[in-house]
Ligand code: ADP
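Following this line, the structure appears as structure tokens:
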């Protein structure tokens with residue numbers, strides 16, 4: 003319930019006027035509905051009287067008029083309740099999406115795409131139901147209950163008491179079954195998540211599924227998940243079917259009691275026949291909302307389960323362990339200092355970095371070399387705070403990187419990853435990523451040596467690159483990612499083996515152009531397996547198993563035996579042979 007209250011507080015309060023208006027309209031319609039039996043009873047009691055025709059006609063007219071009013075005002079109440087429901091739905095979706103974008107990689111790994119998708123669609127739908135239909139029903143039931151009870155008490159307190167007892171028993175029984183319902187709903191949510199994720203990931207890997215003719219295996223697994231979900235849905239439907247007759251039966255018992263006991267009251271003259279008819283109508287009015295009560299409970303329970311799943315995504319601290327006031331980011335290429343940087347991935351047994359220290363002067367270039375798994379990528383991730391390094395280990399112009407304003411820092415320090423993701427949009431949009439600077443685009447195409455390739459593409463920069471950049475070669479994808487990084491004119495440039503799929507001539511050209519982009523040379527960290535990409539670095543670290551096993555300039559490193567010189571010799575032989 004705490005979650006529901008929190009949801010109401012954050013999302014529903016802005017629409018309080020809508021809901022209030024809706025509530026007034028609802029209470030009004032219910033008050034009018036409840037008034038009808040009075041006119042009916044009066045007309046019946048007048049039947050034996052001389053002015054019967056007049057009274058009956060007048061009351062029939064009044065009832066018809068009230069009926070028309072009810073239709074109009076009830077419609078209005080629905081508009082007033084359901085509109086904010088939709089608006090809230092859109093707001094929750096936007097908030098959840100925004101939070102997902104801010105999450106750290108570790109978080110994103112633990113929630114597969116299908117699961118997130120189902121939370122954003124199914125669970126948010128449940129909230130819309132709560133905000134619209136749920137709220138409407140609560141107010142509807144409460145006002146119908148209140149108004150009919152008042153009318154009934156006015157007609158006959160004793161008869162009212164007899165009516166309330168079966169209803170109370172029915173409600174009590176309903177409550178017990180609701181607990182099961184909640185468990186089933188939770189299970190259903192999990193199962194639909196699994197199913198969505200399975201369908202999504204199969205679709206992503208459809209080429210592999212087809213290439214290995216593995217369709218039957220995937221279908222079988224899908225069937226399994228699908229059946230589990232189906233079973234739970236049916237169980238839930240059965241339980242709901244069980245709940246709703248309980249209250250119907252209570253209503254029928256009421257009618258029985260009315261005729262049995264109420265009939266006697268009429269015979270004894272305690273109430274008139276008209277009053278009894280009015281009473282029967284009131285009980286009939288009550289029956290609808292009471293049956294709806296089980297729906298309300300289901301909606302609230304479902305929303306509660308959904309809220310748990312939504313807050314699970316939006317609540318985790320998005321790891322911005324900033325000091326109270328984040329520090330501004332230097333606007334010129336900064337000096338970068340690593341002081342005994344150690345880093346272990348969450349849940350990893352071994353540290354990926356086990357004490358790396360280095361000092362890169364402003365505008366300087368650090369080369370990082372080492373075998374796969376040495377920790378090179380991890381080092382770059384710590385620099386951009388894709389993973390937060392421990393406090394006191396990474397300094398930018400003398401300030402702890404953790405204290406920097408994260409968005410400003412990421413705008414300055416551009417990481418070009420080894421396998422860059424391209425969206426299925428035009429090459430232009432992929433490079434600009436939301437900015438709209440045509441001139442910068444042209445410059446970046448030149449800097450990333452993409453010009454010739456772009457000219458060869460069917461529609462130039464407007465060419466749609468296809469799902470994950472399918473239209474481009476590996477080298478073109480890498481250089482597109484590079485252009486995307488360079489266009490931001492970063493003060494810190496972090497290159498993760500971006501030149502591996504580029505030929506030697508282009509590599510040399512690229513390095514030369516990047517070093518002097520626009521005269522301002524960023525502080526650069528180049529991770530590479532190919533030594534030719536590193537030879538101009540001011541200092542090169544040779545990493546292995548997370549520790550620095552050697553360091554120096556290219557000339558120093560090739561002058562002494564070791565991994566670096568061996569690789570250099572091998573790569574030169576390969577080149578000569580080629
Ligand atoms: P390199 O870039 O030199 O190939 P990485 O920095 O990618 O090396 O990896 C260093 C070590 O950290 C490896 O042992 C790797 O298995 C581990 N590692 C990398 N990424 C993760 C991760 N996200 N979670 C857990 N361990 C990781």
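Residue numbers (our numbering): 3 to 580.
Think of the CB as a built atom: it goes at the ideal place given N, C-alpha and C, for glycine as much as any other residue.
Everything numeric in this text was worked out from a predicted model, so none of it was measured.
Applying the 10 Å Cβ sphere with the 16-neighbour rule, what's the burial state of residue 205?
exposed
At 4 residues or longer, what runs of the alpha helix (DSSP H) sit wholly inside the stretch 107 to 167?
107 to 112, 115 to 120, 126 to 131 and 137 to 157
Near the ligand ZN: residue 376 beta-carbon under 7 Å from a heavy atom
Among the ligands present in this structure, namely the ligand ADP, the ligand ZN is not found.
So for residue 437, helix, strand or coil by DSSP?
coil
May I ask you to verify whether the stretch 329 to 343 touches the stretch 377 to 396, counting CB pairs closer than 8 Å and requiring at least 3?
yes
Which full runs of the beta strand (DSSP E) of 3+ residues lie inside the stretch 202 to 229, going along the chain?
none
Determine the closest residue to residue 255 out of 226, 289 and 278, with distance taken between C-alpha atoms.
289
Using only the heavy atoms of the ligand ADP, determine whether one of them is closer than 7 Å to the beta carbon of residue 369.
no
Write down the C-beta distance between residue 366 and residue 540 rounded to the nearest angstrom, noting that I regard them as a contact closer than 8 Å.
5 Å
Compare the C-alpha of residue 547 against each of 376, 467 and 407 and name the closest.
376
Here's the rule I'm using: 16 or more other beta-carbon atoms within 10 Å means buried, otherwise exposed. How should residue 333 be labelled?
exposed
Can you have a look at residue 562 and say buried or exposed, based on whether 16 or more other CB atoms are within 10 angstroms of its CB?
exposed
Which class does residue 499 belong to by DSSP, given the choice of helix, strand or coil?
coil
Bridge-paired residues (DSSP) for residue 369
528 and 542
Under a Cβ-count criterion, where at least 16 other Cβ atoms within 10 Å of its own Cβ denotes burial, should residue 11 be classed as buried or exposed?
exposed
Where the beta strand (DSSP E) containing residue 356 begins and where it ends
355 to 362
Less than 8 Å between C-beta atoms, sequence neighbours within five positions excluded: which residues of the same chain meet that for residue 162?
151, 154 and 155
Excluding five sequence neighbours on each side, which residues of the same chain lie with their C-beta closer than 8 Å to the C-beta of residue 533?
371, 556, 566, 569, 570 and 573
So is residue 105 buried or exposed if we call it buried at 16+ other beta carbons inside 10 Å?
buried
Let me know the beta strand (DSSP E) ranges lying completely inside the stretch 391 to 456, each 3 residues or longer, listed in chain order.
396 to 398 and 415 to 418
Among 125, 422 and 194, nearest to residue 227 - alpha-carbon criterion
194
Using a threshold of 8 Å, state whether the C-beta atoms of residue 190 and residue 231 are closer than that.
yes
Roughly how many angstroms lie between the CA atoms of residue 95 and residue 477, to the nearest whole one?
37 Å
The ligand ADP and residue 530: does any heavy atom of the ligand fall closer than 7 Å to the residue's C-beta?
no
Provide the residue(s) that pair with residue 481 in DSSP beta bridges, ordered along the chain.
In the DSSP output, where bridge partners are listed per residue, residue 481 has none listed.
What residue ranges within the stretch 7 to 37 form continuous alpha helix (DSSP H) runs of no fewer than 4 residues, ordered along the chain?
none
Pull up the distance between the alpha-carbon of residue 511 and that of residue 502, whole angstroms please.
14 Å
Can you tell me which of 335, 413 and 434 puts its alpha carbon nearest to the alpha carbon of residue 398?
335
Just mark residue 351 as buried or exposed, buried being the case when its beta carbon has 16 or more other beta carbons within 10 Å.
exposed
Residue from 296, 240 and 62 with nearest C-alpha to residue 175
296
The ligand ADP heavy atoms versus the CB of residue 569: any closer than 7 Å?
no
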